[in-house]
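A.B. asks: The structure under discussion is supplied below as structure tokens; questions concerning it will follow.
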Amino acid sequence: MRLTVNGTEHDVLSPPLTPLLHVLREELMITSPKAGCQQGGCGACTVLVDGEPRRSCLEPLAALEGASIATAEGLGTPEDLSPVQAAFHEHYAAQCGFCTSGFLMAAEALIQHGPVTREQAAEALGGHVCRCTGYVKILDAVTAASNGEDAAGRVEADQGPQGEDSVTPIPGRWG
Amino acid sequence: MAGSVDAAEVIVAQSPQEAVEAFGDGGMTLVGGGTIVVPEITHGRLDPGRTLVLGRAGLDGVRRDGSRTTIGATTRLSELEDAPDPLGIAVRHVADREVRGQATLGGNLCAPPGVESPRGDLQAALIALGADVRSTGAGGQRTDDAEAFVGAGDRDRLVLDVSFPDPEAGARQAVRRPHAHAYTVLSVCVARTAGAVRVAVSGAGPHGARCPSVERAFAETADPEAAAARVLDDVTPHDDALASAWYRSRTLPVLVRRALAEL
Numbered sequence: 001m002r003l004t005v006n007g008t009e010h011d012v013l014s015p016p017l018t019p020l021l022h023v024l025r026e027e028l029m030i031t032s033p034k035a036g037c038q039q040g041g042c043g044a045c046t047v048l049v050d051g052e053p054r055r056s057c058l059e060p061l062a063a064l065e066g067a068s069i070a071t072a073e074g075l076g077t078p079e080d081l082s083p084v085q086a087a088f089h090e091h092y093a094a095q096c097g098f099c100t101s102g103f104l105m106a107a108e109a110l111i112q113h114g115p116v117t118r119e120q121a122a123e124a125l126g127g128h129v130c131r132c133t134g135y136v137k138i139l140d141a142v143t144a145a146s147n148g149e150d151a152a153g154r155v156e157a158d159q160g161p162q163g164e165d166s167v168t169p170i171p172g173r174w175g
Numbered sequence: 176m177a178g179s180v181d182a183a184e185v186i187v188a189q190s191p192q193e194a195v196e197a198f199g200d201g202g203m204t205l206v207g208g209g210t211i212v213v214p215e216i217t218h219g220r221l222d223p224g225r226t227l228v229l230g231r232a233g234l235d236g237v238r239r240d241g242s243r244t245t246i247g248a249t250t251r252l253s254e255l256e257d258a259p260d261p262l263g264i265a266v267r268h269v270a271d272r273e274v275r276g277q278a279t280l281g282g283n284l285c286a287p288p289g290v291e292s293p294r295g296d297l298q299a300a301l302i303a304l305g306a307d308v309r310s311t312g313a314g315g316q317r318t319d320d321a322e323a324f325v326g327a328g329d330r331d332r333l334v335l336d337v338s339f340p341d342p343e344a345g346a347r348q349a350v351r352r353p354h355a356h357a358y359t360v361l362s363v364c365v366a367r368t369a370g371a372v373r374v375a376v377s378g379a380g381p382h383g384a385r386c387p388s389v390e391r392a393f394a395e396t397a398d399p400e401a402a403a404a405r406v407l408d409d410v411t412p413h414d415d416a417l418a419s420a421w422y423r424s425r426t427l428p429v430l431v432r433r434a435l436a437e438l
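Chains A and B, in that order, give the protein sequences. Note that our numbering numbers the first sequence so that position 171 is 171, with each residue one more than the last. Positions in the second sequence are counted from 1; adding 175 to them yields our numbering.
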């Protein structure tokens with residue numbers, strides 16, 4: 001089976017009924033899609049298949065010959081976040097992170113259709129579960145990204161020196 | 176589970192003919208969108224054995240023929256969100272938007288009851304629309320009305336397509352789901368087609384069911400309340416993990432009344 005993942009072609013050898021999730025995680029070592037409920041109910045395994053958000057735990061490999069898969073590994077880099085990633089960073093939309101890559105991929109697909117309201121984002125992402133219950137900030141991030149809010153610049157400016165020796169009080173907040 | 180997946184003999188049909196030939200007299204596991212079957216395999220409730228994957232068989236698509244709509248079996252539910260009510264509204268209440276992009280009409284129609292509750296929330300809509308189901312399998316190709324198809328114990332059929340005439344009006348009432356992924360507790364679909372009103376229920380038994388007593392009472396009295404009072408003559412609600420038979424019996428006449436009042 002030929003499968004293109006994040007622009008790279010792979011020959012995969014998993015049995016044909018293996019869910020895409022396990023092909024990605026266990027054969028290709030692409031681990032941003034998470035194995036949550038493994039029955040389509042949590043959204044943590046969401047990837048893009050030919051541009052459409054899909055639960056990778058529900059797609060058997062056999063149905064995907066020649067498909068093009070996108071995962072969070074193919075979005076931005078720490079130095080150059082994608083707009084959705086930058087918005088998640090800016091709005092503190094990730095807590096434990098388990099649901100984040102699923103939300104990111106779903107949001108990537110969603111904002112292709114233009115700006116969305118909170119209600120539209122909530123409806124579109126209603127299948128994703130955040131076990132930290134951080135939905136308010138996730139919706140903040142997705143609506144901001146859909147409005148083309150340029151969070152990336154601010155994220156860059158935000159990156160001061162790192163490590164415990166370099167922790168400095170925030171002026172004006174702690175006096 | 177890895178063992179059973181390793182041992183499965185998998186055919187990926189590339190055309191409708193190939194799917195029909197491969198299915199033959201049945202006895203295979205069918206994978207349409209995979210939303211029901213794949214978790215069953217993953218969690219060890221189903222040993223797939225011989226498996227036919229339909230995603231590339233070309234059994235999808237919506238066709239209009241005069242005043243009749245024909246929907247291919249592997250048409251994704253996301254394509255049907257604006258279908259005539261009650262089908263359109265029922266589709267919009269299946270799972271979430273992303274799962275609807277994977278799930279197929281044929282899969283929903285053939286869904287066996289789940290571990291904890293009935294599945295196949297579109298059965299009532301298709302029964303209310305008086306849909307015909309074209310399928311193949313042992314004995315060859317045949318067409319059943321949706322009510323007979325879902326009521327038959329033998330659902331070892333490969334659905335080819337589902338068709339129905341344009342309704343004049345349709346409505347659906349359901350118990351609100353607590354979450355996008357909760358199965359329907361109870362839903363009532365009604366449709367008026369060529370002057371006749373059909374009423375069907377999903378979630379009150381192992382499969383969707385038509386309500387002939389309600390239909391007769393409504394034809395005679397045109398009174399939603401009087402007609403709704405007959406619904407327990409047609410279905411006997413059950414207990415399951417989602418709701419008790421008592422709760423369903425109290426709620427069902429209310430939903431029937433509201434749905435009929437919307438026509």
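Every residue, glycine too, gets a C-beta built ideally from N, C-alpha and C.
Just verifying my parser: in three-state terms, what is the DSSP assignment at serine 362 of chain B?
C.D. replies: Serine 362 of chain B falls in the strand class under three-state DSSP.
A.B. asks: When the Cα of arginine 275 of chain B is compared with those of A/Phe98, A/Gly43, A/Ile30, A/Asp140, which residue comes out closest?
C.D. replies: Minimum Cα distance to arginine 275 of chain B is reached at A/Gly43.
A.B. asks: For threonine 249 of chain B, tell me which candidate among B/Leu205, B/Asp409, B/Asp181, B/Leu361 has the shortest Cα-Cα distance.
C.D. replies: Residue B/Leu205 is the option with its Cα nearest to threonine 249 of chain B.
A.B. asks: Throw me the rounded Cβ distance for the alanine 93 of chain A and glycine 134 of chain A pair, which I believe falls under 8 angstroms.
C.D. replies: Yes, they are in contact, since the Cβ atoms of alanine 93 of chain A and glycine 134 of chain A sit about 7 angstroms apart, within 8 angstroms.
A.B. asks: Under 8 angstroms between beta-carbons, which chain A residues line up against glycine 276 of chain B? List them in chain order, please.
C.D. replies: Under the 8 angstroms cutoff, chain A gives Glu52, Pro53, Arg54.
A.B. asks: Report all residues from its chain with a CB closer than 8 angstroms to the CB of leucine 61 of chain A; omit the five preceding and five following residues, and keep chain order.
C.D. replies: If we look at leucine 61 of chain A and ignore the five residues flanking it on each side, its Cβ neighbours are Met1, Leu3, Val12, Ser14, Pro15, Pro16, Leu17, Thr18, Pro19, Leu20, Val23.
A.B. asks: How is valine 84 of chain A classed by DSSP in three states: helix, strand or coil?
C.D. replies: Note: valine 84 of chain A maps to helix in three-state DSSP.
A.B. asks: Which of the three DSSP states is assigned to serine 419 of chain B in this structure?
C.D. replies: Reduced to three states, the DSSP call for serine 419 of chain B is coil.
A.B. asks: Taking only beta-carbon positions, decide if alanine 270 of chain B is within less than 8 angstroms of chain A.
C.D. replies: Judged by the 8 angstroms Cβ criterion, alanine 270 of chain B is in contact with chain A.
A.B. asks: So which residues of chain A does isoleucine 216 of chain B contact, with C-beta pairs closer than 7 angstroms?
C.D. replies: Those are Leu17, listed as they occur along chain A.
A.B. asks: Report yes or no: is there a C-beta of chain B within less than 8 angstroms of the C-beta of glycine 160 of chain A?
C.D. replies: Because the pLDDT at glycine 160 of chain A is just 48, under 50, the model does not fix this residue reliably, and the point stays unresolved.
A.B. asks: With a Cβ-Cβ cutoff of 8 angstroms, do glutamate 59 of chain A and glycine 209 of chain B count as a contact?
C.D. replies: Cβ atoms of glutamate 59 of chain A and glycine 209 of chain B: closer than 8 angstroms.
A.B. asks: Any Cβ of chain A within less than 8 angstroms of the Cβ of glutamate 193 of chain B?
C.D. replies: Taking Cβ atoms only, chain A never reaches closer than 8 angstroms to glutamate 193 of chain B, which makes this a no.
A.B. asks: Leaving out five residues on either side along the sequence, give the residues of the same chain with a beta carbon under 8 angstroms from the beta carbon of cysteine 285 of chain B.
C.D. replies: Closer than 8 angstroms at the Cβ level, and outside the excluded window around cysteine 285 of chain B, lie Leu205, Gly295, Arg330, Arg332, Val334.
A.B. asks: Among B/Asp181, B/Gly380, B/Leu221, whose alpha-carbon lies nearest the alpha-carbon of proline 293 of chain B?
C.D. replies: With distances taken between Cα atoms, proline 293 of chain B lies closest to B/Gly380.
A.B. asks: Taking only beta-carbon positions, decide if cysteine 96 of chain A is within less than 8 angstroms of chain B.
C.D. replies: Chain B contact via Cβ: absent.
A.B. asks: I'd like the list of long-range same chain contacts for glutamine 38 of chain A, defined as Cβ closer than 6 angstroms, with 5 residues on each side in sequence excluded.
C.D. replies: If we look at glutamine 38 of chain A and ignore the five residues flanking it on each side, its Cβ neighbours are Cys57.
A.B. asks: Does chain B have any CB closer than 8 angstroms to the CB of glycine 134 of chain A?
C.D. replies: No, glycine 134 of chain A does not count as interfacial toward chain B.
A.B. asks: Can a CB atom of chain B be found closer than 8 angstroms to the CB of glycine 175 of chain A?
C.D. replies: With a pLDDT of only 43 at glycine 175 of chain A, under the threshold of 50, the placement of this residue in the model should not be trusted, and no figure is reported.
A.B. asks: Looking at the structure shown, is glycine 247 of chain B part of a helix, part of a strand, or coil, going by DSSP?
C.D. replies: The answer is strand: DSSP assigns glycine 247 of chain B an E or B state.
A.B. asks: Of all the CB atoms in chain A, is at least one closer than 8 angstroms to the CB of proline 353 of chain B?
C.D. replies: Answer no: the Cβ-Cβ gap between proline 353 of chain B and chain A never drops below 8 angstroms.
A.B. asks: Among A/Met29, A/Thr8, A/Glu90, A/Gly41, which residue has its Cα nearest to the Cα of valine 129 of chain A?
C.D. replies: For valine 129 of chain A, the nearest C-alpha among the options comes from A/Gly41.
A.B. asks: Please list, in chain order, the residues of the segment 207-234 of chain B that have any C-beta partner in chain A closer than 8 angstroms.
C.D. replies: Answer set for the segment 207-234 of chain B: Gly208, Gly209, Thr210, Val213, Pro214, Ile216, Thr217, His218, Pro223, Thr226, Val228, Gly230, Arg231.
A.B. asks: If you measure from the beta carbon of alanine 124 of chain A to each beta carbon in chain B, is any gap under 8 angstroms?
C.D. replies: Yes - at least one Cβ of chain B is within 8 angstroms of the one on alanine 124 of chain A.
A.B. asks: Threonine 8 of chain A lies in the beta strand (DSSP E); which residues open and close that run?
C.D. replies: From DSSP, the beta strand (DSSP E) with threonine 8 of chain A extends over 8-11.
A.B. asks: Using a Cβ-Cβ distance under 8 angstroms, would glutamine 85 of chain A count as near chain B?
C.D. replies: Not one chain B Cβ lies under 8 angstroms of glutamine 85 of chain A.
A.B. asks: Tell me whether arginine 373 of chain B is buried or exposed, calling it buried when 16 or more other Cβ atoms sit within 10 Å of its Cβ.
C.D. replies: Looking at its Cβ environment, which holds 16 or more other Cβ atoms inside 10 Å, arginine 373 of chain B is buried.
A.B. asks: State buried or exposed for histidine 354 of chain B, treating a residue as buried only when at least 16 other CB atoms are found within 10 Å of its CB.
C.D. replies: Answer is exposed; the Cβ neighbour count stays below 16.
A.B. asks: Pick helix, strand or coil for isoleucine 211 of chain B, following the three-state DSSP scheme.
C.D. replies: Three-state DSSP puts isoleucine 211 of chain B in coil, outside helix and strand.
A.B. asks: To the nearest angstrom, how far is the alpha carbon of leucine 435 of chain B from that of valine 325 of chain B?
C.D. replies: For leucine 435 of chain B and valine 325 of chain B, the distance between alpha carbons rounds to 23 angstroms.
A.B. asks: Taking just the CA atoms, how far does alanine 182 of chain B sit from alanine 439 of chain B?
C.D. replies: For residue 439 of chain B there is no data in the structure shown, the boundaries of chain B being 176 and 438.
A.B. asks: Given this structure, state the Cα-to-Cα distance separating lysine 34 of chain A from threonine 71 of chain A, to the nearest angstrom.
C.D. replies: Cα to Cα, lysine 34 of chain A sits roughly 11 angstroms from threonine 71 of chain A.
A.B. asks: What is the DSSP secondary structure of aspartate 165 of chain A, counted as helix, strand or coil?
C.D. replies: Reliability of the predicted coordinates at aspartate 165 of chain A is poor, the pLDDT of 48 falling under 50, and the value obtained from them is presented with this limitation in mind. Helix at aspartate 165 of chain A.
A.B. asks: Taking valine 389 of chain B as the reference, give the member of B/Arg251, B/Pro399, B/Glu184 with the closest Cα.
C.D. replies: When each option's Cα is compared against that of valine 389 of chain B, the closest is B/Pro399.
A.B. asks: Contact criterion: CB-CB distance below 8 angstroms. Does glutamate 254 of chain B meet it with respect to chain A?
C.D. replies: No, glutamate 254 of chain B does not count as interfacial toward chain A.
A.B. asks: By the 10 Å Cβ neighbour count, where 16 or more other Cβ atoms means buried, how is valine 136 of chain A classified, buried or exposed?
C.D. replies: It is exposed - the Cβ of valine 136 of chain A has fewer than 16 other Cβ atoms within 10 Å.
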